Every structure is written in structure tokens, then in C-alpha cells.
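For the protein sequence lines, the chains are A and B, in the order given. Letter by letter, the first sequence follows residues 277 to 415 in the working numbering. Letter by letter, the second sequence follows residues 94 to 204 in the working numbering. Ideal Cβ positions, reconstructed from N, Cα and C, are used throughout, including at glycine. Note that this is a predicted model, so its numbers are computed, not measured. Report on the following structure.
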Amino acid sequence: MHLRRMKLTNWLNSNKHIRRIYLPMGIAGVGGLLYLKVWLPLTGIEIPCVFREITGLWCPGCGLTRMVLALMELDFLQAFRYNMLIFFVAPLFIIYLWLARSGKAKRASVLMGIMIVMAIVFGVLRNIPSFKWLAPTVI
Amino acid sequence: MRRNVGLAVFLTIITCGIYGIYWFIVLTNDVGRLSGDSSFTGGKHFLLTLVTCGIWSFVWSYQLGKNIAAAQERLGVRVTDNSTIYIVLNCFGFGIVNYALAQNEVNKLVE
């Protein structure tokens with residue numbers, strides 16, 4: 277048992293990218309899945325959006341939990357209506373990570389600026405009555 | 094970069110938090126540069142905080158503490174890992190105290 281643990285520790289230490297990237301991602305994934313599929317159905321207690329609790333307004337991330345739940349049921353249209361920003365930002369974020377890793381720092385920071393502006397504009401618009409369709413909507 | 098903590102807090106208050114956004118971004122960039130972690134950037138963490146209703150700020154708080162500790166180790170000064178304190182402060186809505194504490198550490202490192 278002790279030897280096996282030592283082997284695992286050595287393996288994790290020798291694979292830095294596994295320890296630093298994939299392990300936290302895996303833990304977050306399992307934690308997220310337990311939250312969505314075990315905790316929520318059992319208790320119904322959601323992590324609240326502090327911004328919405330205080331101001332009563334939608335923030336750019338509101339609808340994200342419902343979006344993930346809809347995606348897990350492969351209901352893409354409903355997921356899109358809960359939070360459409362992520363559908364545009366997620367591919368851009370992958371491009372950003374690729375640019376940052378390829379050493380194209382300037383292009384990466386321009387893209388990051390565009391994504392931040394998109395998130396802020398989306399957050400403002402979904403609280404304006406004429407753009408109500410941007411707020412989380414059940415279809 | 095060295096910044097006056099008191100002035101930064103004052104500017105954050107009088108601009109209703111807008112200076113706080115700028116402070117968050119440049120402080121994160123400074124810490125990332127000092128620790129040598131090129132993936133610890135202000136823009137990325139600000140965006141992720143925005144799209145997760147603020148939940149990402151807990152990850153940021155933890156990474157901030159770890160990166161400051163890495164920077165201290167890199168520069169050969171006494172290491173103080175405050176990541177847990179930053180998370181606890183963030184839980185109680187004292188994000189600005191995190192900025193102030195982290196800026197204080199950065200000021201010591203760039204002296």
C-alpha cells in the first residue's frame with residue numbers, strides 16, 4: 277500500500293502537466309457532476325449568484341448551471357437560451373489558450389480584451405427590456 | 094509594479110469599484126510576472142470571474158496566494174503562503190482586502 281502510494285506520488289511529480297492541469301480539471305469535473313446530479317436533485321440548494329441576490333439584475337454568468345444541465349440532456353437550443361454568451365466565448369477561449377501557448381502574447385491579449393467586452397456588453401444588454409431574450413429563458 | 098495600497102483602496106471606493114477591476118487585472122499580471130507563471134494573467138481571471146457569477150474568484154484567490162509564495166521563493170525571501178486566508182476573505186466579500194494584502198506583498202517583492 278505504502279509502496280503503491282509512493283509510486284503514485286513519484287508519477288505525479290514526474291508528470292507536472294498532469295499534476296497542474298489534468299488533475300485539478302478532473303477533480304473539478306467530478307465535483308461539478310456530483311453537484312449537478314446528486315446535490316441539486318437531493319437538496320435543491322443552488323450556489324447563488326451574489327450579484328443577482330444583491331442587485332436583482334442578471335450577470336453575464338447567470339443561467340450557466342441550467343445551461344450545463346440542459347447540455348447534459350443534449351437540449352442545445354434550451355442550453356443556448358439559458359446562456360448564449362458561453363457558446364461564443366468558449367471557442368474563443370480555446371483559441372486564446374492556443375495563442376498564449378504559442379507565444380503570441382499580443383494577439384492573445386487582444387482576443388482576451390474582445391471576450392471581456394463581449395461579456396460586459398452581454399451582461400448589460402440582458403437587463404435591458406428590449407434585449408430581454410438574452411436573459412435566461414425557458415422555452 | 095509598486096502601488097500605494099491606501100490610494101488604490103480610495104480610488105476603488107470613489108469609482109464604485111471600476112478602479113478595482115483595473116487593480117485586479119494589473120495586480121494579477123504583476124504576480125504572474127514575479128512568479129514566472131505566464132498563465133496567471135489578469136484578463137483571463139477577470140473574464141472567468143465574470144462568466145461564473147464570481148465563483149472563479151475563489152480559484153483566483155487560491156492561485157494568487159500560491160503564486161505570491163512561488164514569487165517569494167524565486168526571489169529568495171521568506172515564503173508566506175496566504176492562499177487560505179485569501180479564500181476565507183473572499184467568502185466574506187472582502188475581495189478588496191485580498192487586493193490590498195497581495196499588493197502589499199508585491200510592493201515588498203519589487204523593492
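Residues in the same chain with beta-carbon distance under 7 angstroms from residue i, minus the five sequence neighbours each way, listed in chain order, please.
| i | result |
| --- | --- |
| B:T142 | W149, S150 and W153 |
| B:T134 | T121, N122 and G125 |
| A:A376 | A384 |
| B:A164 | V124, L127, S128 and L202 |
| B:E198 | I161 |
Would you say residue i faces chain A, with C-beta separation under 8 angstroms as the test?
| i | result |
| --- | --- |
| B:C184 | no |
| B:C109 | no |
| B:L143 | yes |
| B:L140 | yes |
| B:I148 | yes |
| B:G99 | no |
| B:G188 | no |
| B:G136 | yes |
If residue i sits next to residue j, beta carbons under 8 angstroms apart, how far is it from one beta carbon to the other, in whole angstroms?
| i | j | result |
| --- | --- | --- |
| A:I371 | A:L387 | 6 angstroms |
| B:N160 | B:S128 | 4 angstroms |
| B:G136 | A:I392 | 6 angstroms |
| B:C146 | A:F327 | 6 angstroms |
| A:P336 | A:G399 | 4 angstroms |
| A:M343 | A:F364 | Actually they are not in contact, since the Cβ atoms of A:M343 and A:F364 sit about 13 angstroms apart, beyond 8 angstroms. |
| B:F139 | B:I118 | 6 angstroms |
| A:I415 | A:R357 | 5 angstroms |
Could you pull out every residue in the same chain whose Cβ sits closer than 8 angstroms to the Cβ of residue i, ignoring the five residues on either side in sequence?
| i | result |
| --- | --- |
| A:L347 | A355 |
| A:P324 | none |
| A:F352 | A346 |
Within the continuous alpha helix (DSSP H) that includes residue i, where are the two ends?
| i | result |
| --- | --- |
| B:K159 | W149 to R167 |
| B:N200 | G188 to V203 |
| A:M394 | A381 to L401 |
| B:D123 | I111 to S128 |
| B:T142 | G135 to V144 |
| B:N183 | S176 to C184 |
| A:E329 | V326 to T331 |
| A:W315 | No alpha helix (DSSP H) holds A:W315; DSSP gives it neither H nor E. |
| A:R357 | F352 to Y358 |
| A:R342 | L340 to M348 |
| B:T105 | V98 to I107 |
| A:I362 | L361 to R377 |
Under 8 angstroms between C-beta atoms, does residue i make it to chain B?
| i | result |
| --- | --- |
| A:L375 | no |
| A:M348 | no |
| A:P367 | no |
| A:F352 | no |
| A:I371 | no |
| A:G302 | no |
| A:V306 | no |
| A:F407 | no |
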